[in-house]
DNA sequence: TTTTAAAATGTGTACGCACACATTTACTTT
DNA sequence: AAAGTAAATGTGTGCGTACACATTTTAAAA
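Residue numbers (this note's numbering), protein chains in the order written: chain A, 48 to 401; chain B, 48 to 401.
Here it is, written out as structure tokens:
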């Protein structure tokens with residue numbers, strides 16, 4: 048009735064060799080005669096052997112250490128969410144003897160990034176999850192990882208030259224297009240659309256440019272309304288910040304604001320609320336507490352969810368799959384571009400899994 | 048450095064008893080003296096014992112059989128997707144000795160539902176995943192399952208009285224509200240909105256009513272535009288179906304169509320495309336192949352993703368967690384109400400995981 | 001006290017695999 | 001032909017848990 052799973056022992060019996068030989072064949076450990084190899088391979092072709100991952104893991108009995116490198120969660124709620132994903136992964140894998148250690152660097156400090164990465168490298172973990180926000184500093188780091196054969200997974204920021212085990216994140220260009228689509232929806236009067244760069248640090252620039260490119264491209268291709276799309280660089284620490292913003296909002300032809308960072312979204316929303324121009328469309332990023340409040344209040348119209356928490360926890364899972372279960376991992380895992388509105392936001396918050 | 052995980056053996060040593068006794072305490076098997084119980088409990092309070100799930104599962108070495116009861120995939124692409132989720136789960140869990148068997152019933156036949164459920168019950172599986180589309184017929188079935196202590200998980204359709212291990216699905220009322228929001232977005236001229244019931248069978252009615260209620264509620268609460276919301280019941284098998292539909296589309300005041308089933312969405316889209324009224328908003332459900340085509344072509348404006356595939360596969364996972372890993376499962380797992388547009392649709396299709 | 005039964009506790013094996021190590025085989029070299 | 005060496009193959013143990021079963025302890029009955 049219930050057909051038993053095939054074990055190594057069964058293969059050995061069928062092939063007329065010992066389990067040791069089968070093991071060597073399965074793992075290409077060498078030290079197998081051509082004849083034995085042939086016999087085992089023949090059996091393997093006949094039957095569908097699926098190794099028992101539980102037994103495999105239990106048998107090898109290794110304690111893996113995984114290092115996660117990301118910006119300090121205290122500096123930015125976006126990274127705080129990512130850090131929650133790491134915590135979640137820690138709990139999930141602790142009982143399998145997998146240690147996940149967090150290494151933080153200063154979001155604004157290239158040097159700190161570099162130092163942290165080197166520190167991790169010296170600790171020689173079995174796998175690394177890293178958010179390589181500083182492009183130029185990251186390249187030599189990857190070189191190090193590769194030299195010492197430490198598998199690493201990128202998340203949030205893609206650097207194709209890095210040749211990582213896998214990249215987890217979103218298609219930023221397409222993300223910009225989604226932002227544009229949400230901005231364009233139902234707009235019928237021509238006017239100005241502002242793309243805001245709020246409190247952006249150098250390392251965001253690649254991110255931002257990609258999104259912005261997508262945003263503009265969409266309007267070139269799709270929109271029936273002729274919009275002026277203008278860029279604004281603003282720094283909340285600048286004393287004139289609010290005045291600048293107010294001038295922008297006073298423009299009666301302003302139709303919408305697109306902010307491509309999660310933190311920037313919250314800042315923009317606070318000013319828009321303060322000066323009460325709720326008629327203009329505001330499209331931003333991520334389910335930060337603050338953003339949720341503004342979304343519910345109708346200040347923010349749409350959020351695009353980047354899901355840093357799940358990006359982080361899935362990154363660890365990929366490393367575990369690679370190290371422990373010897374499973375293949377997808378080379379890129381692009382997250383869906385989730386559109387969050389007033390009406391569906393609660394459904395996203397309810398479940399921790401999705 | 049790497050602190051080793053605590054094993055049963057360690058607890059036994061610390062408590063001064065044997066592993067057998069610890070095992071009996073851990074699993075409340077009885078046959079333990081009050082003193083021994085006390086000693087073990089004392090140790091357990093001190094340390095944080097996390098059983099090794101791998102070893103537990105390997106050790107118990109049980110072959111579980113799980114039955115999945117759902118409508119025939121050939122009758123409806125929605126259920127075809129759900130069935131894909133089952134197939135995926137079959138592959139995922141096969142190597143752990145878990146057998147997932149599919150039991151299909153006729154989507155239109157209450158009797159078939161009942162018979163299939165009874166057949167499953169006679170087979171006495173260790174767990175059951177069921178889409179209880181027929182409310183009245185389902186109640187006595189659940190009674191049977193409970194009597195024989197077979198844990199069961201509901202998906203797609205919720206029946207709170209069933210007291211299942213867990214329910215997986217969406218909040219239909221809120222789903223209707225999301226549909227309404229998408230319908231309302233950027234509409235500025237008053238007119239008619241049609242709620243279409245296409246090819247609906249009796250068992251969809253609860254589903255539909257919930258969504259429709261949410262849909263209407265939203266407009267009552269939120270919309271600034273005064274819409275007439277009208278219901279239409281149509282059957283594609285009816286010879287006059289297309290004429291009826293055409294009459295509807297000829298109404299120049301028609302602003303939008305809301306179709307609450309996945310199959311109905313495809314049918315509606317085909318007619319809308321044929322008669323070329325692409326100016327009206329079309330909001331429907333699910334990423335069926337056909338719907339995707341119409342979405343990309345701009346006939347469908349928004350799809351709400353119910354993700355039947357993931358609902359099904361997660362349902363099996365919950366049962367496995369319960370049976371095999373003795374892990375707790377959430378009593379309800381409400382899926383996010385995913386909004387799919389032309390611009391983000393590809394990002395949803397790319398990854399199989401999400 | 002001895003017998004008997006029940007309760008409590010301990011021991012051993014299996015789960016399927018990995019891996020170290022022992023043993024056997026095949027082939028050179030002297 | 002004997003010895004030596006490397007390659008090939010087999011055996012055994014451990015991973016942490018579950019569970020059956022053997023053994024010991026305790027308490028009651030004869």
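Glycine is no exception: its CB is placed at the ideal position from the N, C-alpha and C atoms.
Bear in mind the structure is a predicted one, so any value in this text is a computation, not a measurement.
Give the straight-line distance between the Cα atoms of residue i and residue j, rounded to the nearest whole angstrom.
| i | j | result |
| --- | --- | --- |
| residue 162 of chain A | residue 246 of chain A | 24 Å |
| residue 457 of chain B | residue 169 of chain B | Since the displayed chain B opens at 48 and closes at 401, residue 457 of chain B lies outside it and no answer follows. |
| residue 321 of chain A | residue 300 of chain A | 19 Å |
| residue 318 of chain B | residue 235 of chain A | 27 Å |
| residue 64 of chain A | residue 105 of chain B | 25 Å |
| residue 269 of chain A | residue 288 of chain B | 34 Å |
| residue 190 of chain B | residue 294 of chain B | 48 Å |
| residue 304 of chain B | residue 167 of chain A | 56 Å |
| residue 286 of chain A | residue 350 of chain A | 28 Å |
| residue 334 of chain A | residue 390 of chain B | 20 Å |
| residue 224 of chain B | residue 343 of chain A | 14 Å |
| residue 313 of chain B | residue 297 of chain B | 20 Å |
| residue 160 of chain A | residue 284 of chain A | 23 Å |
| residue 353 of chain A | residue 353 of chain B | 20 Å |
| residue 55 of chain B | residue 69 of chain B | 7 Å |
| residue 123 of chain A | residue 243 of chain A | 18 Å |
| residue 201 of chain A | residue 361 of chain A | 11 Å |
| residue 359 of chain A | residue 135 of chain A | 9 Å |
| residue 272 of chain B | residue 384 of chain B | 24 Å |
| residue 140 of chain B | residue 171 of chain A | 34 Å |
| residue 149 of chain A | residue 137 of chain B | 35 Å |
| residue 306 of chain B | residue 238 of chain B | 18 Å |
Is it right to say residue i is buried, meaning 16 or more other beta carbons lie within 10 angstroms of its own, or is it exposed?
| i | result |
| --- | --- |
| residue 164 of chain A | buried |
| residue 267 of chain B | exposed |
| residue 85 of chain B | exposed |
| residue 74 of chain B | exposed |
| residue 364 of chain A | buried |
| residue 231 of chain A | buried |
| residue 203 of chain B | buried |
| residue 280 of chain B | exposed |
| residue 216 of chain A | buried |
| residue 48 of chain B | Below a pLDDT of 50, predicted positions are generally treated as unreliable, and residue 48 of chain B, at 43, falls in that range; the measurement from the model is reported next regardless. Burial call: exposed. |
| residue 94 of chain A | exposed |
| residue 80 of chain A | exposed |
| residue 51 of chain A | exposed |
| residue 67 of chain B | exposed |
| residue 92 of chain B | exposed |
| residue 227 of chain B | buried |
List the DSSP bridge partners of residue i.
| i | result |
| --- | --- |
| residue 385 of chain A | A:352 |
| residue 148 of chain A | A:114 |
| residue 328 of chain B | B:303 |
| residue 244 of chain A | A:280 |
| residue 274 of chain B | B:238 |
| residue 213 of chain A | A:200 |
Do residue i and the ligand ADP come close, with the Cβ less than 7 Å from some heavy atom?
| i | result |
| --- | --- |
| residue 367 of chain A | With respect to the ligand ADP, the structure shown offers nothing to examine, as it has no ligands at all. |
Determine which residues of the region 138 to 152 of chain A have a Cβ less than 9 Å from any Cβ of chain B, and write them out in chain order.
141, 142, 143, 144, 146
Take every Cβ of the region 81 to 101 of chain A, pair it with every Cβ of the region 316 to 336 of chain A, and state whether three or more of those distances are shorter than 8 Å.
no
Could you check whether the region 121 to 132 of chain A touches the region 380 to 398 of chain A, counting it as contact only if at least three pairs of C-beta atoms, one from each stretch, sit closer than 8 Å?
no
Quick test of the definition: if touching needs 3 or more C-beta pairs under 8 Å, does the region 201 to 221 of chain B touch the region 366 to 378 of chain A?
no
Would you check if the region 219 to 229 of chain B and the region 252 to 261 of chain B touch, i.e. whether three or more CB-CB distances between them fall below 8 Å?
yes
What residues in the region 255 to 285 of chain A have a beta carbon less than 8 Å from any beta carbon of chain B?
265
Taking beta-carbon pairs under 8 Å, can you tell me which members of the region 91 to 103 of chain A lie near chain B?
97, 98, 99, 100, 101, 102
Counting Cβ pairs closer than 8 Å, one from the region 142 to 155 of chain B and one from the region 359 to 374 of chain B, do we hit at least three?
yes
Which residues of the region 173 to 190 of chain B have a Cβ closer than 9 Å to any Cβ of chain A? Give them in chain order.
none
Interface positions of the region 310 to 343 of chain B facing chain A (Cβ-Cβ less than 8 Å), listed along the chain
none
Within the chosen definition, does the region 173 to 186 of chain B reach the region 107 to 123 of chain B through at least 3 CB pairs nearer than 8 Å?
yes
Could you list the residues in the region 231 to 244 of chain A with a C-beta less than 8 Å from some C-beta on chain B, going in chain order?
232, 233, 234, 235
Compile a chain-ordered list of the residues in the region 207 to 227 of chain A whose CB is closer than 9 Å to at least one CB of chain B.
217, 218, 221, 222, 224, 225, 226, 227
Select from the region 339 to 368 of chain A all residues with a C-beta closer than 7 Å to any C-beta belonging to chain B, and list them in chain order.
none
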